[in-house]
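With positions in the sequence shown counted from 1, the corresponding number in my numbering is that position plus 10.
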Amino acid sequence: MEELAYVCFRDVAWLQAYPLTEASVLDYFSLSQFYERTCNNEVLKMQARYTDNAALLSQLHKMTGTEFAVVRSTPPKLFVIAKQQRHSSDKVSVLSVYYILNGSIFMAPSLYAVVGNRITASLHHLGEAIDYAKGFLSFDAAACQYVLPTTQADSVMTEEDLRLDRLVMEAVAEE
């Protein structure tokens, strides 16, 4: 299933012949490699008893097993389809989610993949920030600590600054 995360399906001939609507989107989706021929949708389609979507949907709710359902749509540009396991008429578990954007079908990434990528990107940027900040510090071996390098502007300290600096250093030394 992981290899399907990097696949896109598009049937230009079908899209030129039929508009994508809520009524036709599952027929279009059934042409893709994401569709399972053993799902309840296909069983009902083969029986050819349910030609309109309302009757098909009503019958799907009575069955148990794998099914595909349109869960969100903004025709004709965006459709979200869930592959779900139906346990009873009112209990389903979502197995995977697909979306159709401007006629191209994609598998939606898992929450694990999205969070993992976000964490990886955050750690990368945090590492870059630390490397950047290290350029502003130098290690003072005598004091065993990192210190900001002294610039010409820093060397001009007032008496008050020097007094406060001594107080801070004494307080740190006492700890």
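Every residue gets a Cβ at the ideal spot worked out from N, C-alpha and C, and that includes glycine.
Cβ separation of residue i and residue j, assumed to be a contact under 8 Å, to the nearest whole Å
i	j	result
P6	P29	As shown, the chain starts at 11 and ends at 185. That puts residue 6 outside it, with no answer to give.
W24	Y38	6 Å
M117	V17	7 Å
L80	E138	The question names Leu, yet the displayed sequence has Val at residue 80. Contact flag wrong, Cβ pair sits at about 42 Å.
Alpha-carbon spacing of residue i relative to residue j, whole angstroms
i	j	result
I91	Y142	45 Å
L70	S103	14 Å
Q57	K72	15 Å
E52	F78	10 Å
I115	L133	31 Å
L147	G113	54 Å
K144	T130	21 Å
V22	E13	23 Å
N127	Q43	26 Å
S68	T74	13 Å
L174	V125	46 Å
H97	A64	20 Å
A152	H135	32 Å
M179	D171	12 Å
Q26	S99	36 Å
Burial state of residue i (16 or more Cβ within 10 Å)
i	result
V35	buried
I110	buried
C49	buried
R176	exposed
Q94	buried
F149	exposed
Y156	exposed
Y122	exposed
Cross-strand partners of residue i (DSSP beta bridge)
i	result
E77	Q94
R82	V90
C18	F116
V157	S148
K101	S98
Any non-hydrogen atom of the ligand PLP within 7 Å of residue i CB
i	result
Y156	Absence of the ligand PLP is noted for the structure shown, with no ligands found whatsoever.
What alpha helix (DSSP H) runs, 4 residues minimum, are completely inside the segment 104–150? 121–144
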